[in-house]
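**Student:**
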Amino acid sequence: MDLNFQYAHNSHDESETKANVRSEQALQAFDDFDWQGESEKALKIQKCAPTLSVTEDNKHLIWLSSVADGGTIQFVSECSFPGEVSSWFGLSKKQGVVHLHVDWFSLNQARTALELYLKRNYEQLKRHYKGL
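Heads up: the sequence shown begins at 254 in the working numbering, then just goes up one per residue.
1) So within the region 325-381, which uninterrupted beta strand (DSSP E) runs reach at least 3 residues, ignoring any that extend past its ends?
2) Return helix, strand or coil for Phe283, following the three-state DSSP convention.
3) Can you tell which of Val274, Leu344 and Gly349 has the C-alpha that lies nearest to the C-alpha of Asn311?
4) Return the bridge partner residues of Leu256 from the DSSP annotation.
5) In the DSSP assignment, find the unbroken beta strand (DSSP E) run with Ser318 in it and report its ends.
6) Go ahead and pull the three-state DSSP assignment for Gly384.
7) Three or more C-beta pairs closer than 8 Å, one from the region 318-332 and one from the region 347-366: is that the case here?
8) Shortest alpha-carbon distance to Val274 belongs to which of Asp266, Phe286 and Asn257?
9) Between His265 and Gln299, what straight-line distance do the alpha-carbon atoms span, to the nearest angstrom?
10) From Leu353 to Lys379, what does the alpha carbon distance come to, in whole angstroms?
11) Would you grab the beta carbon distance between Leu280 and Leu367 for me? Rounded to a whole angstrom, and I think it's under 8 Å.
Here it is in structure tokens:
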């Protein structure tokens, strides 16, 4: 899997990539990222929200992006992975790509989302994104 880092000073089409990382390295990268500092910089320079993305192929993706909010940070996140999706207006199910989105995670919730994603614990990940 690859990690993509976007920092406050990056433009939206810029990122730094670290290729072929293991799950433990992805979690460590999340822990080592200066979320508070980068979020405060982003608030000042208004260029790019600090973001960590983990990509594997066109069906596996998670990104976590932080925003400073009154001295604390919150995260917006999306992820996608293969799984069962609704079809025919919710009347049936088929295999496809599941897409999840959340507008607010704390730092701990964001890390948990990443950890569940890396463990491929998709059922728990769905519940986590739904706030259950």
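Cβ coordinates follow ideal geometry from the N, Cα and C atoms, glycine included.
In this text, all values refer to a predicted model and were calculated from it rather than measured experimentally.
**Tutor:** According to the structure shown:
1) Runs found: 325-340 and 345-358.
2) Of the three classes helix, strand and coil, the one that applies to Phe283 here is helix, per DSSP.
3) Across the set Val274, Leu344 and Gly349, the C-alpha of Gly349 shows the shortest separation from the C-alpha of Asn311.
4) Bridge partners of Leu256: Lys271 and Val307.
5) Its beta strand (DSSP E) spans residues His313 to Asp322.
6) Gly384 falls in the coil class under three-state DSSP.
7) Contact between the region 318-332 and the region 347-366 is present, because at least three Cβ pairs lie under 8 Å.
8) Among Asp266, Phe286 and Asn257, the Cα nearest to that of Val274 is on Asn257.
9) Approximately 11 Å between the Cα atoms of the pair.
10) C-alpha of Leu353 to C-alpha of Lys379: approximately 7 Å in a straight line.
11) Correct: roughly 7 Å between the Cβ atoms.
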